[in-house]
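Data block below; observations after.
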Amino acid sequence: MTKGKIGALFAALLLLIGVGVAIGRVSQPAPSAEAPAANPALSVSAIRPQMRDIPLSLTANGSIAAWQEAVIGAEIGDLRLSAVNVQIGEAVKKGQVLATFSDESVLADVAQARGVVAEAEANLAEARLNAERARKVSVSGALSAQQVDQYLTGAKTAEAKLQSAKAQLDAQLLRLKYTKVLASDDGVISARSATLGAVATKGQELFRLIRQNRLEWRGELTAVEMTQLKPGNRVKVEVPNVGSIEGSVRFLAPTLDVQNRNGLVYVDLPHAAQSGLRAGMFARGEFDLGSSTALTVPQEALSLRDGFSYVFLLTEQTEDRARVKQVKVQLGRRNGDQLEILAGVAAEDRLVAGGASFLADGDSVRVVTQ
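Using the numbering used here, read the sequence shown as starting at 688 and increasing by one per residue.
Written as structure tokens, this is what we have:
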């Protein structure tokens, strides 16, 4: 084959290749404006914010204290304590003997007072007899009117001395009664300063008693918070790692502290001691103020970024594809896993139900039906 023929064949081959490429370009379809979006970043489900009733509550801190603490002291002085019958923490009944003073000297004084009364009674009997005789003979003139008056006055004096002697006896019997220190009410001994063998002075404190073993919680609130409360409100009081109990507001303090402008609310805690609570414990209280309707979303729909809370709105949805828009929201109260939305979204908005932390503003997602 000559060189001319080879060149012709080579030129024809190049021509055929060029025609094939041109035909391929013409047959290739033009890109459509409705082509599918890029691969979705995540498959998500959609939800709408819901209107729910959320409890209204108010929290405060405070201390648990005795409802009333009675001071039991010595009502007689200069006597030695011969017995101390109770210890701190013991439950006592009203009228129970807590301690006893030595009563030998008091018994001697009682005996002496009884003797004085007996003597006064004898003197009164004699004086009355003399007065009666004087009245009888006064008619005959055997005694002058002055002498008769003396006998009558003597009878009255003897009666007065008897009353005085009886009063002295009553005082000594009262001292004898005071040699036994009695519980003034049912309750629990919270403090004891009585020491066996010590000589107490009159009025000296011997015991402190938590009346009826009844405790209360004293919560500290601001003036604005106190306006939301009233007697009878239910309160849940909790001491961390100890226990919790429900109580009710008994009354609100009529004045506020001039230093911090806070006031106290007094909450009755029935059976607090049985729940493990003790006076002096620091506790947190939550007041029940009813409920109100609010727009809520589940916690899984929220994403926390840079200290702010966000949700992702579904936009530009075509079939099962959509884009998400990051929206900042303002949160309110919490009720379980539901959070109140104060601002940012409306009830008709469609939100990403979960996986918000894996999304970015403008991402494409696949919306699946639950």
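We put the beta carbon where it would ideally sit given N, CA and C, even for glycine.
- Cβ contact annotation for Ala-778 (same chain, cutoff 6 Å, sequence separation greater than five): Val-875, in chain order.
- With respect to the C-alpha of Asn-810, the residue from Gln-850, Tyr-865, Asp-796 having the closest C-alpha is Gln-850.
- Between Gly-749 and Leu-951, the alpha-carbon positions lie close to 9 Å from each other.
- Taken in chain order, the complete alpha helix (DSSP H) segments of 4 residues or longer contained in the stretch 904 to 950 are 910 to 913.
- With a beta-carbon spacing of about 12 Å, Leu-896 and Ala-966 fall beyond the 8 Å limit used to define contacts.
- Comparing alpha carbon positions, the residue from Gln-755, Val-1032, Val-731 closest to Asn-900 is Gln-755.
- Following the DSSP letters along the chain, one finds Gln-1017 inside the beta strand (DSSP E) bounded by residues 1008 to 1022.
- Under the Cβ criterion (8 Å, minimum of three pairs), the stretch 753 to 771 does not count as touching the stretch 724 to 740.
- Rounded to whole angstroms, the separation of the alpha carbons of Phe-894 and Leu-766 is 17 Å.
- Val-803 and Ala-940 have their C-alpha atoms some 56 Å from each other.
- Taken atom to atom, the span from the alpha-carbon of Gly-1042 to that of Val-998 is near 10 Å.
- Note that the C-beta distance between Ser-792 and Ser-769 is not below 9 Å.
- Between the alpha carbons of Gln-799 and Ala-852 lies a distance of about 10 Å.
- With respect to the C-alpha of Val-984, the residue from Asn-726, Ile-741, Ser-730, Lys-780 having the closest C-alpha is Ile-741.
- Remark: fewer than three beta-carbon pairs, one from each stretch, lie closer than 8 Å, so the stretch 856 to 874 and the stretch 827 to 845 are not flagged as touching.
- One thing to note: Arg-1008 has its Cβ within 9 Å of the Cβ of Arg-1053.
- In this structure, Asp-975 keeps its C-beta atom at 9 Å or more from the C-beta atom of Arg-1021.
- The beta carbon of Thr-888 sits closer than 6 Å to the beta carbons of Gly-764 from its chain, once the five residues preceding and following it are set aside; these are given in chain order.
- DSSP places Asn-748 in the uninterrupted beta strand (DSSP E) bounded by 737 to 753.
- With contacts defined as CB atoms closer than 9 Å, Val-1016 and Gly-994 fail to qualify as a contacting pair.
- Annotation: the continuous beta strand (DSSP E) that includes Arg-971 extends over 969 to 985.
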